[in-house]
Amino acid sequence: GPRTPPFVVATTVAEHCMDAEPYVRESSDCGPIPSASRPAPRRELELTADKVGQALKQQQKNKGELLGAALIRLGFITEKELATALSRQLSIPFFSMENWPGLVGGAKKLVYLIPEGYARKNAILPIERREDMLLVAMTDPTDVVVLDNLRKMTHLDIESVIATRTDIGTALNDVYTEG
10 GPRTPPFVVA
20 TTVAEHCMDA
30 EPYVRESSDC
40 GPIPSASRPA
50 PRRELELTAD
60 KVGQALKQQQ
70 KNKGELLGAA
80 LIRLGFITEK
90 ELATALSRQL
100 SIPFFSMENW
110 PGLVGGAKKL
120 VYLIPEGYAR
130 KNAILPIERR
140 EDMLLVAMTD
150 PTDVVVLDNL
160 RKMTHLDIES
170 VIATRTDIGT
180 ALNDVYTEG
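Residue numbers (my numbering): 10 to 188.
#1: Please state if the CB of Leu134 and the CB of Ala146 are separated by a distance shorter than 7 Å.
#2: Is the stretch 101–121 touching the stretch 172–182 in the sense that three or more CB pairs, one from each, lie closer than 8 Å?
#3: Checking 7 Å against the spacing of the C-beta atoms, do Leu112 and Ile136 come in under that value?
#4: Helix, strand or coil for Ile101, going by three-state DSSP, please let me know.
#5: Looking at Lys161 and the ligand COA, is the gap between the Cβ and the nearest heavy atom below 6 Å?
#6: Could you have a look at Ile167 and say whether DSSP puts it in helix, strand or coil?
#7: In chain order, what residues of the same chain lie with their CB nearer than 7 Å to the CB of Leu122, ignoring the 5 residues before and after it?
#8: Give me the Cβ distance between Ala128 and Thr148, rounded to the nearest whole Å; I'm assuming they're in contact under 8 Å.
#9: Let me know the alpha helix (DSSP H) ranges lying completely inside the stretch 49–132, each 4 residues or longer, listed in chain order.
#10: Compute the Euclidean distance between the alpha carbons of Gly115 and Asn182, then round it to the nearest angstrom.
#11: Along the alpha helix (DSSP H) that carries Ala172, what are the first and last residues, could you check?
#12: One question on the structure: do Ile81 and Glu74 come within less than 7 Å of each other, judged by their Cβ atoms?
#13: With which residues is Met142 paired in a DSSP beta bridge?
#14: Among Pro110, Tyr185 and Leu119, which residue has its Cα nearest to the Cα of Ile126?
#15: Using a threshold of 7 Å, state whether the C-beta atoms of Gln68 and Leu76 are closer than that.
The following block contains the structure:
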């Protein structure tokens, strides 16, 4: 019979390009937003129907697990590949940890806005505040419940960028550590 075409996820590979340079995307509301690298060549990440089927079965076994998390756990994609694919699909900047060293000092001043337990549980990293706007890195910037909770607890408008759970965890250790 006919072959099932593979599922294809487009990702950026800026991290592999020697000429990739950081850029700043302008936002009409809040000025420059630190984000990932400039648009880079795309590579196609092939996910066969079999691999997606395996991930869907795992997702059913682990109730509540997202498909992306299952694909990562099975080793079919990396966290960064998923985050950059979501970034491209949602047109939300991917936050590169290459930008983090210059921002950690300012971010430490924002820890009072988001309780550490909530930030860790929901993988939210406060990055920068500009007047009535708080820029946060999140693994899932489409989570309206978390975004609404952030607005209520901070009394600020929330702007988000995408980052990997691992990178957010590492950065939260920097931010919520004394010193």
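Note that beta-carbon positions come from the ideal geometry of N, C-alpha and C, so glycine has one too.
Let me lay it out:
#1: yes
#2: yes
#3: yes
#4: coil
#5: With respect to the ligand COA, the structure offers nothing, as it holds no ligand at all.
#6: strand
#7: Pro135, Leu143 and Thr163
#8: Incorrect: roughly 12 Å between the Cβ atoms, too far for contact.
#9: 58–70, 76–82, 88–99, 113–117 and 125–131
#10: 15 Å
#11: Looking at the DSSP string, Ala172 is not in any alpha helix (DSSP H), and its letter there is neither H nor E.
#12: no
#13: Arg139 and Asp166
#14: Position check: residue 126 holds Gly in this sequence, whereas Ile was assumed. When each option's Cα is compared against that of Gly126, the closest is Tyr185.
#15: yes
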